[in-house]
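In terms of this note's numbering, the sequence shown opens at residue 302 and continues consecutively.
All C-beta atoms, glycine included, are put in the ideal place defined by N, C-alpha and C.
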Amino acid sequence: MYKIHFVYHPTRGPAVKGKPDEGLTWFATYPVIPRVGDCVGMGSYWFRVDEVFLYSVEQCQNEVPALINCSYYAPGERGVK
Numbered sequence: 302m303y304k305i306h307f308v309y310h311p312t313r314g315p316a317v318k319g320k321p322d323e324g325l326t327w328f329a330t331y332p333v334i335p336r337v338g339d340c341v342g343m344g345s346y347w348f349r350v351d352e353v354f355l356y357s358v359e360q361c362q363n364e365v366p367a368l369i370n371c372s373y374y375a376p377g378e379r380g381v382k
């Protein structure tokens, strides 16, 4: 299991009703590190993975092997914009 650091950027992604106005940051545990294009949930929101930054073994002494930047995923959205 991997403890992943997620960061949501409100200026990325589609301009749709219901998306969070402020940036968010959270930690979640996953059996695999999400890839670019994957969707991840946090509360009642879904986010699309835009960038994945992997840390080396020496850098992840804090047990967080990846930082993931996300944009809002609108229900019914097709493809990457």
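For Val308 versus Leu368, is the C-beta spacing smaller than 9 Å? Start at 1 with the first residue of the sequence shown, and residue 308 comes out as number 7. Start at 1 with the first residue of the sequence shown, and residue 368 comes out as number 67. Judged by their CB atoms, Val308 and Leu368 are nearer to each other than the 9 Å cut-off.
Could you tell me whether any non-hydrogen atom of the ligand GTP is closer than 8 Å to the CB of Gly344? For the structure depicted, the ligand GTP is absent and the ligand set is empty, with no information on it obtainable.
With distance defined between alpha-carbon atoms, name the residue in Val365, Val333, Gly344, Ser372 nearest to Thr352. Sequence index remark: in the sequence shown, residue 352 carries index 51 (1-based). Sequence inspection shows Glu at residue 352; the Thr mentioned does not correspond to that position. Relative to the Cα of Glu352, the nearest Cα in the group Val365, Val333, Gly344, Ser372 belongs to Ser372.
Taking the alpha-carbon positions, what's the Arg349 to Met302 distance? Indexing the sequence shown from 1 puts residue 349 at position 48. Indexing the sequence shown from 1 puts residue 302 at position 1. The straight-line gap from Cα to Cα measures roughly 20 Å.
Euclidean distance between Cα positions of Tyr409 and Gly338: This structure cannot speak to residue 409, because the chain is shown only from 302 to 382.
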